[in-house]
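Peer 1: Take this structure, written in structure tokens, and hold onto it; I'll ask about it next.
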Amino acid sequence: MASNTEALKSQREYIDKTEGETLDNKTLNQMAWRSMFLQASFNYERMQAGGWLYSILPGLKKIHKNKEDLSTSMKHNMEFFNCHPFLITFVMGIILSLEQKKADVQTIRALRVAAMGPLGGIGDAIFWFTLLPISAGIGANLSLQGSILGPIIFFVLFNIVHLGLRFGLMHWSYKVGVEGITKLTKNAKEFTRSATVLGMIVVGALIASYVNINIVTPEYLSMSGTIDLQKILDSIMPCLLPLGLTFGMYGLVKKNVSPLVNILVLVVIGLIGAFLGIL
Numbered sequence: 001m002a003s004n005t006e007a008l009k010s011q012r013e014y015i016d017k018t019e020g021e022t023l024d025n026k027t028l029n030q031m032a033w034r035s036m037f038l039q040a041s042f043n044y045e046r047m048q049a050g051g052w053l054y055s056i057l058p059g060l061k062k063i064h065k066n067k068e069d070l071s072t073s074m075k076h077n078m079e080f081f082n083c084h085p086f087l088i089t090f091v092m093g094i095i096l097s098l099e100q101k102k103a104d105v106q107t108i109r110a111l112r113v114a115a116m117g118p119l120g121g122i123g124d125a126i127f128w129f130t131l132l133p134i135s136a137g138i139g140a141n142l143s144l145q146g147s148i149l150g151p152i153i154f155f156v157l158f159n160i161v162h163l164g165l166r167f168g169l170m171h172w173s174y175k176v177g178v179e180g181i182t183k184l185t186k187n188a189k190e191f192t193r194s195a196t197v198l199g200m201i202v203v204g205a206l207i208a209s210y211v212n213i214n215i216v217t218p219e220y221l222s223m224s225g226t227i228d229l230q231k232i233l234d235s236i237m238p239c240l241l242p243l244g245l246t247f248g249m250y251g252l253v254k255k256n257v258s259p260l261v262n263i264l265v266l267v268v269i270g271l272i273g274a275f276l277g278i279l
């Protein structure tokens, strides 16, 4: 591995400097589909490198007609790689545009690292903090109403955006090339923060809407009938108990308590509350 790395560092140019074949839409779409297997060979030495090379290999074979150049390209594309799996096609398009122009090998290696860096935070903000809560909230609302469309709508909404970005970025970044990095990183910080704030607002709304806790004081605990403890708590702060429960679960997760244990805790609390007549 060390010898291969040293050899790549010493080789700065491809043998055949003729610009490679322009990749057609069919090939770009094929590589976008293959990118879904990005993490199929994930390991802690090179992480997603195997899946990355598998994804772009059809393009490399069309671009590099010289076998030695293809071998060189495959070797440097098997170096350490780690990127957000849903935005991987953005990096693929940029690197393939550089490979097509037979850019300097070291330049391609450097830009591959530069392109994959910002996508982690951007991808998390788009998918996990924004898209997932919104689509899951819509699906959960339908499911709570007894509609079988709940999980279907969730799956469809999430993947319309996911697949739209996966295939759209493949074509767009291949066309714009290196300029795509500048366009992506120019407002990346502001975009990530805005998407995260939106996601947190959505999560807060979901907590208030779907986490229901109704406390009732049993008559045997009251001198003059039932006390509406829920109304008292709501007068202090609406949805105070759901918020408290959510923070409690969040605290357990931060302490590395598994989601399964969290669910069991909720079941136990529910059973005890029902037995005492307060839930």
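Residue numbers for the sequence shown follow the UniProt record's numbering, beginning at 1 and rising by one.
The beta carbon of each residue, even a glycine, is placed where N, CA and C say it ideally should be.
Remember, it's a predicted structure, so these values are computed and weren't measured experimentally.
Where HIS84 and LEU233 are concerned, what is the direct C-alpha to C-alpha distance, given to the nearest angstrom?
Peer 2: 43 Å
Peer 1: Alpha helix (DSSP H) containing LYS61: first to last residue?
Peer 2: 49 to 63
Peer 1: Find the nearest neighbour of THR196 within the set LEU245, LEU131, LEU111 and LEU142, judged by alpha-carbon distance.
Peer 2: LEU131
Peer 1: What is the DSSP secondary structure of PHE42, counted as helix, strand or coil?
Peer 2: coil
Peer 1: So, does the CB of CYS83 fall closer than 9 Å to a CB anywhere in chain D?
Peer 2: Of the protein chains in the structure, only one exists, and it is not chain D.
Peer 1: Kindly indicate which three-state DSSP category PHE275 falls into: helix, strand or coil?
Peer 2: helix
Peer 1: Quick check: the Cα distance between GLU179 and THR246, rounded to an integer number of angstroms?
Peer 2: 43 Å
Peer 1: To the nearest angstrom, how far is it from the Cα of PHE86 to the Cα of ARG166?
Peer 2: 6 Å
Peer 1: Taking 9 Å as the cut-off, decide whether the C-beta atoms of ILE108 and HIS76 are in contact.
Peer 2: yes
Peer 1: Are three or more beta carbon pairs between the region 24 to 41 and the region 128 to 148 nearer than 8 Å?
Peer 2: The region 24 to 41 and the region 128 to 148 do not touch, with fewer than 3 CB-CB distances between them shorter than 8 Å.
Peer 1: Using the rule of at least 16 other Cβ atoms within 10 Å of the residue's Cβ for burial, across every protein chain shown, is ARG112 buried or exposed?
Peer 2: buried
Peer 1: Hey, would you say VAL211 sits closer than 9 Å to PRO259, going by beta carbons?
Peer 2: no
Peer 1: State the start and end residues of the unbroken alpha helix (DSSP H) segment that holds SER73.
Peer 2: 67 to 76
Peer 1: For PHE158, tell me which candidate among GLY146, LEU240 and PRO133 has the shortest Cα-Cα distance.
Peer 2: PRO133
Peer 1: Just verifying my parser: in three-state terms, what is the DSSP assignment at PHE167?
Peer 2: Judged by DSSP in its simplified three-state form, PHE167 adopts helix.
Peer 1: What's the C-alpha gap between GLY248 and ASN82?
Peer 2: Straight-line Cα distance between these residues: approximately 33 Å.
Peer 1: Going by DSSP, what residue range makes up the alpha helix (DSSP H) through SER143?
Peer 2: 132 to 144
Peer 1: Between VAL105 and THR72, what straight-line distance do the alpha-carbon atoms span, to the nearest angstrom?
Peer 2: Rounded to the nearest angstrom, the two C-alpha atoms are 9 Å apart.
Peer 1: Go ahead and label GLU45 buried or exposed: buried means 16 or more other beta carbons lie within 10 angstroms of its beta carbon, across all protein chains shown.
Peer 2: Sixteen is the threshold: since fewer than 16 other Cβ atoms of the shown chains lie within 10 Å of the Cβ of GLU45, the residue is exposed.
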